[in-house]
Amino acid sequence: MQPQFTPHGASERAAPRTQSALARAGSLAIRLAAPLAAPMAVAAAAFLVIVLAGCGGSSSAPAPSGPPPGANADPQVLEEQRDELAALPAGVTIAPGAVPVQMPERSAVRFLNQATFGAVPADIASVQQHWRKGWLAQQFALPAAPTHWERVNAVQAAWLAEDATRTPDKLPAAVWDWSVWQTYLSSPDQLRKRVGYALSQIMVTSVDGFSGGASARTKLAAGYVDVLEQGAFGNFRQLLEDVSLNPAMGMYLSHRGNRKAEYDANGVALRVPDENYAREVMQLFTIGLVQLNLDGTPVLVNGAPKESYTEADVVNLARVFTGWDWQPASAGDERYRAAMRHIPANHSPEEKSFLGVTIPRGTDGPASLKTALDTLFNHPNVGPFIGRQLIQRLVTSNPSPAYVARVATRFNDNGSGVRGDMQAVVDQVLRDAEARTPLNIVQPQPGWGKLREPVLRFSALARALNAGASGPIWRIANLSDPATGLGQSPLHSPSVFNFYRPGYVPPNTAIAAQGLVAPEFQITTDTSVPGILNFLQRFMTQPPAGIVLDFSRELALADDPAALVASIHLRLANQSLSATTRDEIVATVAGLPANTAAERLNRVRTAWLIAMAAPEFIAQK
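Okay, structure coming up:
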């Protein structure tokens, strides 16, 4: 008999005992997820309980003792080690003056859930040995492997090779999705990929907004995400320029082919430069709508926030972004990723005044662009505006002003006088005292945590089950449909504002009453909550073509429900599930038969699904 495993009920072919147990498992999964599927006020309240009160019930193996402080010459690693001492479980002691030699596995998994698409054994072991600082240094040194451009070309070639009658003009639209999922789930440079994904939610383009055939759209997307991943470890000033001149961005925000104004004989404008990119590069990519203090709080004038730019700034900045267009057709596919070229005849010759800077009349396009981007890059808003959003995407939805200020300070000066050093920014985001303290697992600060977005819920499961070891073409398609997929998929945002806004507040909720934000709640709906669970169930029982899942580690524990749940509790949720949740999963799994290989596999899949539905997992701490 094939394992019967559904999030609600069971197959009619199942034996009565199996059907009853699986119905119980499905009901528990839905019940654990119910706070997120309920009306928004209830959902927000449930989330708030998690982030304000914590879940308790966590445990950890005794931290191994080692040399006294000072034996490790790196004071930053010593700081990490001392954090672990402050969060030892009750009853666990180590020798006076000693520090953990290795990071506890729970903390390593938690860190990797922030810094990657999901914890896997090799990375866990590396973080345990080298701590955050050492692992980050290793990741910063890795090249992009492979780039998205390399991956999409390889996937397209493999698809063509499968059938000699196929031609490039018939490439399926899903090639981008096959490629990006394979890259995110399997590439060793996980930190670069994860930060690049975060940047793609700030400097948004969408493959759904590109024109052309599937091959062109796929390569536009690949070339753009490669720019983000290169910039993830580079300098923000260069990233801003690369994004501004990227052909995908030029197409998406309509400054490709943007031309100077034209006037009739009476001086009436017949055409004016497109203002789309000029507006969004300020509002979304660099400075935001209001002036900010270093800690991300708004600058107030007479008690009201002060706007960071005016409509006149938009009009004048739009003139800078005229004259830029794709490379000529003779460049072939390279035109989909090569920086746009400048056509002087199309550039606006007028004086351009914006944000307190004036570019003289007659200044050419490249010089105008340099002045404009330098002005944006050096604006005091950039550090707190970008820093806060990176914290939100990687660590927590509501960072303290002090946390934001520390990240913004590193943006302004990496310690060596360099502004915009993204490695320094990423290091601060992930190694900040608020991000790293294990106390936030069991005793969260008020407002601590973030709703784990659907992409990251799925990727954590897929990587835990070693999907990254699968073959040359994975047929994971666009998962944006909330009823049948995740309600979210890489580079399929419905607008330039991403799938959800960084300042989204669920209306009429406890979250709103506390003055907090919960961005991911914008796509948490009555449709998406069961839709995600259904998708995860299908993924485990009938994975997409090209993917093989490895359940061997948990299958070895299938006869011991408590040990099985403990393994998933650690590997998936860094031991953040409450004792009540764990007991319910154990009871459900114990109620399933385990007489055959198929039944034991069904136990394992059931345990994974219910853990994925648990609010303590969905609310990343």
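The opening position of the sequence shown corresponds to residue 671 in this note's numbering, with each subsequent residue numbered one higher. All C-beta atoms in this analysis are idealised placements derived from N, C-alpha and C, irrespective of residue type, glycine included.
Residue nearest to residue i in terms of C-alpha spacing, selected from the options
i     : options                    : result
L841  : D878, P813, L1247, G883    : G883
G904  : A1153, D1097, E1104        : D1097
G893  : E1004, A1182, L1109        : E1004
I1238 : H925, I1056, L1135, Q1093  : L1135
P621  : L806, G1053, S857          : Since the displayed the chain opens at 671 and closes at 1291, residue 621 lies outside it and no answer follows.
V1112 : V1074, L1131, N1244, D1229 : N1244
F1191 : F880, K1120, D1220         : K1120
I1061 : V850, Q908, V747, A1078    : A1078
F1297 : P1176, A1268, A1182, T1276 : Residue 1297 is absent from the model: the chain starts at 671 and stops at 1291.
P1108 : T1066, R1011, R776         : R776
N1068 : G1185, D1083, S1086        : G1185
Q961  : N928, S876, Y1170, V1052   : V1052
A1236 : D1220, Q871, D1253         : D1253
A1042 : D995, D965, R907, M921     : R907
A902  : L806, L987, V1175, T980    : L806
R1101 : T956, G804, A1281          : G804
E977  : E749, N963, R989, L1131    : N963
Status (buried if at least 16 other CB within 10 Å, exposed otherwise) for residue i
i     : result
Q1212 : exposed
K1291 : buried
A1289 : buried
Q1059 : buried
L1262 : buried
N916  : buried
L970  : exposed
P1014 : exposed
V1088 : exposed
P813  : exposed
A1139 : exposed
T992  : buried
T786  : buried
S885  : buried
G973  : exposed
N936  : exposed
P1036 : exposed
T835  : exposed
N1178 : exposed
E1286 : buried
G1090 : buried
Chain-order list of residues whose beta-carbon lies under 7 angstroms from that of residue i (same chain, five-residue window excluded)
i     : result
R949  : V984
Q953  : L959
D847  : I1146, A1147, N1148, S1159
I1217 : A1137, S1140, W1144
A1228 : L1234, A1264, R1270, R1273, V1274
Where residue i sits in the DSSP three-state scheme
i     : result
W996  : coil
A731  : Note that A731 scores a pLDDT of 36, beneath 50, so its modelled location is shaky; the value from the coordinates is reported in the next line. A731: coil per DSSP, three-state reduction.
I720  : Low per-residue confidence applies at I720: pLDDT is 35, beneath 50, and the placement is therefore not dependable enough to give any value.
D1091 : strand
T1028 : strand
P838  : helix
A1281 : helix
E1004 : helix
P940  : Residue identity differs from the one stated: residue 940 is Leu in this sequence, not Pro. Note: L940 maps to strand in three-state DSSP.
N928  : coil
K1291 : coil
N905  : strand
A715  : Because the pLDDT of A715 is 33, which lies under 50, any placement of that residue in the model is unreliable, and the number read from its coordinates should be weighed accordingly. Three-state result, A715: helix.
S1023 : strand
H659  : For residue 659 there is no data in the structure shown, the boundaries of the chain being 671 and 1291.
P770  : strand
H1017 : coil
H1012 : strand
Own chain partners of residue i with C-beta closer than 6 angstroms, once the 5 adjacent residues on each side are dropped
i     : result
A939  : A931, Y933
P1152 : T1197, S1198, G1201
V874  : S1163, V1166, N1168
T967  : P1071
L722  : Per-residue confidence for L722 stands at a pLDDT of 32, beneath the threshold of 50, marking its modelled position as unreliable; the derived number appears in the next sentence. Cβ within range, chain order: P1116.
A1105 : V1065
I1029 : K1022, S1038, T1041
A778  : I794, V797, Q798
L909  : G901
L890  : F880, A918, Y1006
Check: residue i C-beta below 6 angstroms from any heavy atom of the ligand ADP
i     : result
H1049 : In the structure on display, the ligand ADP does not appear, and there are no ligands present to speak of.
Cβ shell of residue i (< 8 angstroms), same chain only, five flanking positions each side left out
i     : result
F1205 : F1128, L1149, T1154, G1155, L1156
V1099 : G1057, L1060, I1061, L1064, V1065, V1077, A1105
Give the list of continuous alpha helix (DSSP H) stretches no shorter than 4 residues that lie fully inside the region 1104-1192. For the region 1104-1192, whole alpha helix (DSSP H) runs of length 4 or above, ordered along the chain, are 1109-1112, 1124-1134, 1180-1183.
Taking the runs of the alpha helix (DSSP H) that are 4 residues or longer, which of them lie wholly in the region 956-991? If you keep only unbroken alpha helix (DSSP H) runs of at least 4 residues inside the region 956-991, you get 981-990.
Tell me the start and end of each unbroken beta strand (DSSP E) in the region 1197-1223 that is at least 3 residues and wholly inside, in chain order. The qualifying runs do not exist here; there are none.
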